[in-house]
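Per my numbering, the very first residue in the sequence shown carries number 273; after that it's consecutive. A short worksheet on the structure shown next.
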Amino acid sequence: MSTYLEKKFIPEDWISQAEAARVRRVSRQAIAKLVQSGRLRSIKVGGHVLVNREDAETFKPGKPGRPKKDD
Numbered sequence: 273m274s275t276y277l278e279k280k281f282i283p284e285d286w287i288s289q290a291e292a293a294r295v296r297r298v299s300r301q302a303i304a305k306l307v308q309s310g311r312l313r314s315i316k317v318g319g320h321v322l323v324n325r326e327d328a329e330t331f332k333p334g335k336p337g338r339p340k341k342d343d
């Protein structure tokens, strides 16, 4: 999880994990995993983890499954 605050913190640019889950139509736990893995930018404010709104809206998941071995 990122503890880095942008130079100009704009509250409208950050949403709760629950709101990010609604935007992505996934579970809050799925968003939490993406935050923990660093695939979504996040900040912690007053004990709450906020997710970057743009990241949540534009996130593209990778292909499912294990990568194919190159021969």
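C-beta: ideal position from N, C-alpha, C; glycine also. The model shown is predicted, which means the values in this text are computed figures rather than measured ones.
Taking DSSP's pairing of strands, which residues face Ser314 in a bridge? Val323
>> Residues in the same chain with beta-carbon distance under 8 Å from Gly318, minus the five sequence neighbours each way, listed in chain order, please.
In response: none
ask   = What number of angstroms, rounded off, separates the C-alpha of Ser314 from the C-alpha of Lys340?
value = Cα to Cα, the separation comes out at about 31 Å.
*Straight-line Cα distance separating Asp342 from Val298*: 32 Å
Cα separation between Ser274 and Lys335? Summary for Ser274: the model assigns pLDDT 49, below 50, so the residue's position carries little reliability; its value from the coordinates is reported in the next sentence. Their backbone Cα atoms lie some 25 Å apart in a straight line.
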